[in-house]
Amino acid sequence: MYLFHPLYERRGLSNRLVLMEAFLLGLAGVGAAWVLFPQYAGLVSIFLAAFAAADTLQRLFERNQDEVWRRGDGSYRANERLAFAILSMFTGLVAGYALVSLAAPVETLDRIFRPQLAPFGGRTAADLVLPGFLPLLGHNALVMVAGFLAALVYREGGILLVLGWNASLWGSAFPVLVRRAAPGEGIAAAAELGRLLPGILPHLLLESMAYVLVAMAGVFLSKGLLRYRAGTPELRRVLEASVTISGLALLTLVAACAWESQVSTWVLSRLYP
15 MYLFHPLYER RGLSNRLVLM EAFLLGLAGV GAAWVLFPQY AGLVSIFLAA
65 FAAADTLQRL FERNQDEVWR RGDGSYRANE RLAFAILSMF TGLVAGYALV
115 SLAAPVETLD RIFRPQLAPF GGRTAADLVL PGFLPLLGHN ALVMVAGFLA
165 ALVYREGGIL LVLGWNASLW GSAFPVLVRR AAPGEGIAAA AELGRLLPGI
215 LPHLLLESMA YVLVAMAGVF LSKGLLRYRA GTPELRRVLE ASVTISGLAL
265 LTLVAACAWE SQVSTWVLSR LYP
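Per this note's numbering, the sequence shown starts with residue 15, numbered consecutively.
The following block contains the structure:
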């Protein structure tokens, strides 16, 4: 969003600004898609938000490259900073979709977010059933591999499409589920969502970080293969970073699946006895 460019020039790419921009992009994407393509608004909004956020994400990767290769700040610190910046962008997108899903009529949401809501059927938050560890790990591992390949081929665009889909899924599904469980508008719907969050937020944060990390690894590998020749120390360093980050992503995903299948299931059983 070009309105944020002057702020980035003056204050830098702070996570707070990245989150705020992504939040507005999520709202703008849904609004524009709702007007232009009402039957496909849930899907079209992902592409609109991704197009608008691409410049900021590219700036984040350029900052990372500068920190690692020119300033010598250290790969770990630079990559950590990049990961939390992308996670902030994802959080902003989720918040934008969630606000729309709390404010719009549920019947409208069932129509425009049909692809996102289809896996949940007519369920409510009260009868939400989480899968076991192995089914979760298998499904999420496939998503992670798809995210890596998308980032490897499409780079920043691949990251935004994968994260945009998950942002629209989580941002629309959970508000709709709680509104079905306890019909209400405005403050009542937000309060019911706050009741659900302790049961889902920890594993969602871990899962989203896993996807962010593996997408970073894909972009690093893609750019390294294009920029450096085989056998050079630079390419070896990129390969090592990509493997390390992918391994960390896998460990994070395993932790997310374990938490979701055990702790989240227990918490939800107490929240919705």
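We put the CB at the ideal spot given by N, CA and C, even for glycine.
Query - Local Cβ density within 10 Å of S115, reported as buried at 16 or more and exposed below that - result: One-based indexing of the sequence shown puts residue 115 at position 101. With 16 or more neighbouring CB atoms inside 10 Å of its own CB, S115 falls in the buried class.
Report task. Please go through the same chain and pick out, in chain order, the residues whose beta-carbon is closer than 6 Å to the beta-carbon of W282, but skip the five residues on each side of it. Result -> Taking the sequence shown and counting its residues from 1, the one referred to as residue 282 is at position 268. Reading off the sequence, residue 282 comes out as Leu, not Trp. The answer, listed in chain order, is G213.
Query - Three-state class that DSSP yields for Y90 in the structure shown - result: Taking the sequence shown and counting its residues from 1, the one referred to as residue 90 is at position 76. Residue state, collapsed to three classes: helix.
Report task. Measure the Cβ-Cβ separation of G43 and G106 and say whether it is below 9 Å. Result -> For this step, residue 43 is matched to residue 29 along the sequence shown. For this step, residue 106 is matched to residue 92 along the sequence shown. No.
**Report entry** Residues near G136 by beta carbon distance below 8 Å, same chain, minus five either side
**Finding:** The count along the sequence shown starts at 1 and reaches residue 136 at position 122. The residues are R194.
Query raised in the report: If V233 and R169 are in contact, beta carbons under 8 Å, what's the gap, nearest whole angstrom?
Result: Taking the first residue of the sequence shown as 1, we reach residue 233 at position 219. Taking the first residue of the sequence shown as 1, we reach residue 169 at position 155. Indeed, because the Cβ distance is near 5 Å, the residues count as touching under 8 Å.
Query - Alpha-carbon to alpha-carbon, V257 and A97 - result: By 1-based counting over the sequence shown, the position of residue 97 is 83. By 1-based counting over the sequence shown, the position of residue 257 is 243. If I take the Cα positions, the gap works out to 15 Å.
Report task. Verify whether the separation of the beta carbon atoms of F162 and V228 is less than 9 Å. Result -> Along the sequence shown, one-based indexing puts residue 162 at 148. Along the sequence shown, one-based indexing puts residue 228 at 214. The answer is yes: Cβ separation under 9 Å.
Query raised in the report: Quick one, which of L101, Y225 and Q130 has its alpha-carbon nearest L151's?
Result: In the sequence shown, residue 151 corresponds to position 137, counting from 1. The residue with the shortest Cα to Cα distance from L151 is Y225.
Requested in this report: Flag this pair as touching only if the segment 167-186 and the segment 50-68 have three or more C-beta atom pairs under 8 Å; answer yes or no.
Outcome: Touching, yes.
Report task. Could you pull the start and end residues of the alpha helix (DSSP H) that V371 belongs to? Result -> In the structure as shown, the chain starts at 15 and stops at 287, and residue 371 therefore has no counterpart that could be examined.
Report task. Sort V176, V167, R251 and W273 by Cα distance to L219 and report the nearest one. Result -> Taking the sequence shown and counting its residues from 1, the one referred to as residue 219 is at position 205. Selected option, being the one with the closest Cα: W273.
Report task. Taking 9 Å as the cut-off, decide whether the C-beta atoms of L210 and L235 are in contact. Result -> Indexing the sequence shown from 1 puts residue 210 at position 196. Indexing the sequence shown from 1 puts residue 235 at position 221. In this structure, L210 keeps its C-beta atom at 9 Å or more from the C-beta atom of L235.
Query raised in the report: Buried or exposed: where does H217 fall if 16 or more other Cβ atoms within 10 Å of its Cβ makes it buried?
Result: Position 203 of the sequence shown holds residue 217. So H217 ends up on the buried side.
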